[in-house]
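Structure first, commentary second.
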Amino acid sequence: MKGPKPSVEPFVWLGFSAGGMVSALLVPVLLFLFGVAIPLGWLESPEYDHVLAVARHPLTRLVLLGLCVLSLIHFAHRFRFTLIDGLQLRRYDGVIALGTYGLAAVGSVLAGWVLLFMV
Amino acid sequence: MSTGQEDFLAVRLYRQPVSRLWWLRRPTYLLFILRELSSVFVAWFVAYLLVLVYAIGDGESSYQRFLDRSANPVVIAVNAVAFGFVVLHAITFFQAAPTTTVVRLRGKRLPSAALAAPIFAAWAIVSAFLIWLVVLA
Chain A
-11 MKGPKPSVEP
-1 FVWLGFSAGG
9 MVSALLVPVL
19 LFLFGVAIPL
29 GWLESPEYDH
39 VLAVARHPLT
49 RLVLLGLCVL
59 SLIHFAHRFR
69 FTLIDGLQLR
79 RYDGVIALGT
89 YGLAAVGSVL
99 AGWVLLFMV
Chain B
308 MSTGQEDFLA
318 VRLYRQPVSR
328 LWWLRRPTYL
338 LFILRELSSV
348 FVAWFVAYLL
358 VLVYAIGDGE
368 SSYQRFLDRS
378 ANPVVIAVNA
388 VAFGFVVLHA
398 ITFFQAAPTT
408 TVVRLRGKRL
418 PSAALAAPIF
428 AAWAIVSAFL
438 IWLVVLA
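As you go down the protein sequences, you meet chains A and B in turn. What the first sequence shows, in this note's numbering, is residues -11 to 107, in sequence order. What the second sequence shows, in this note's numbering, is residues 308 to 444, in sequence order.
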């Protein structure tokens, strides 16, 4: 008797779950700071030397790279199912999966490039 | 699922067509789809963060230009909406985590409430630390 086909599904789900957790912990406060509070002048914008030092710290690079990659996997998986279940597009799952996971892959490479070489 | 009887009667299961707008029917459905859509704003944040980090690496004038552009009313509006969505994501994810993660202590499953509280506490601590690191340190 043949067993079930090996599937990548559990690994994608693990990425979805881990990405959901780290993004939930880190994204609200960072988006509040750099997207709302600092632009509106509620908080003073940090000095250049300070943000440069923080951004260049190895721990910052590591955490932000993990955050970016896992968040993108989380986005890809969740948005794929939003489209195929929410908009009833299951027929096009092949293209949708390729597009969402492909976007996450490209974004992850971009994140690695920026965080490891550009700062 | 297929039974011999079905084959004999040559019955095809009827699937009621579901409207593409099914999620507008009830507030709980709408909340579900909004929660799922939060993922788009998580991706938006990743892009925004990478532009910020790139600008920092590019030099002081690029960083200043990023700050000026981030103060554009349209950008602030997008980020304010995105902030609402990522908070929805965080709350719903933290609420679901104790249900999806089974933690056993001395052979007994810990109740959900016992797990939710430390997660929310960790969220508060991490957020406070990052505010300190970015603007106060």
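Cβ atoms here follow ideal geometry from the backbone N, Cα and C, with glycine treated the same way.
Against chain A, does residue 361 of chain B count as a neighbour if the rule is that its beta carbon must be under 8 Å from one of theirs?
Against the second sequence, residue 361 of chain B aligns to sequence position 54. Closer than 8 Å: yes.
In chain order, which beta strand (DSSP E) runs of at least 3 residues are fully inside the stretch 377 to 419 of chain B?
Entirely contained in the stretch 377 to 419 of chain B, not one beta strand (DSSP E) run reaches 3 residues.
For the stretch 6 to 17 of chain A against the stretch 320 to 339 of chain B, do three or more pairs of beta-carbon atoms, one drawn from each stretch, fall closer than 8 Å, so that the two count as touching?
Segments in contact, no.
CB-CB under 8 Å to residue 395 of chain B, same chain, minus the five flanking residues each way: which ones, in chain order?
Within the second sequence, numbered from 1, the residue matching residue 395 of chain B stands at position 88. Once the five neighbours on either side are set aside, the close Cβ partners of residue 395 of chain B are 341, 342 and 345.
Can you give me the C-alpha to C-alpha distance between residue 99 of chain A and residue 363 of chain B, rounded to a whole angstrom?
Start at 1 with the first residue of the first sequence, and residue 99 of chain A comes out as number 111. Start at 1 with the first residue of the second sequence, and residue 363 of chain B comes out as number 56. Their Cα atoms are separated by approximately 14 Å.
Tell me, please, whether the CB atom of residue 79 of chain A is closer than 8 Å to any CB atom in chain B?
Taking the first sequence and counting its residues from 1, one reaches residue 79 of chain A at position 91. Taking Cβ atoms only, chain B never reaches closer than 8 Å to residue 79 of chain A, which makes this a no.
If you measure from the beta carbon of residue 427 of chain B to each beta carbon in chain A, is any gap under 8 Å?
Residue 427 of chain B sits at position 120 when you count from the first residue of the second sequence. Residue 427 of chain B does not count as touching chain A.
Counting only Cβ-Cβ distances shorter than 9 Å, please list the residues of the stretch 6 to 17 of chain A near chain B, keeping chain order.
Within the stretch 6 to 17 of chain A, the residues whose Cβ lies closer than 9 Å to some Cβ of chain B are 7, 8, 9, 11, 12, 13, 14, 15, 16 and 17, listed in chain order.
Let me confirm a value: residue 59 of chain A is counted as buried when at least 16 other C-beta atoms fall within 10 Å, else exposed. Which label applies?
The residue you call residue 59 of chain A lines up with position 71 of the first sequence. Buried, by the Cβ-count rule.
In three-state terms, what does DSSP make of residue 9 of chain A?
The residue labelled residue 9 of chain A in the question sits at position 21 within the first sequence. Residue 9 of chain A: helix per DSSP, three-state reduction.
Please decide whether residue 337 of chain B counts as near chain A, where near means a Cβ-Cβ distance under 8 Å.
Along the second sequence, one-based indexing puts residue 337 of chain B at 30. No, residue 337 of chain B lies away from the interface with chain A (no Cβ there is under 8 Å from its Cβ).
Could you check whether the Cβ of residue -3 of chain A sits closer than 8 Å to any Cβ belonging to chain B?
Here residue -3 of chain A refers to the residue found at position 9 when the first sequence is read from its first residue. Not closer than 8 Å to any Cβ of chain B, the Cβ of residue -3 of chain A fails to qualify, so no.
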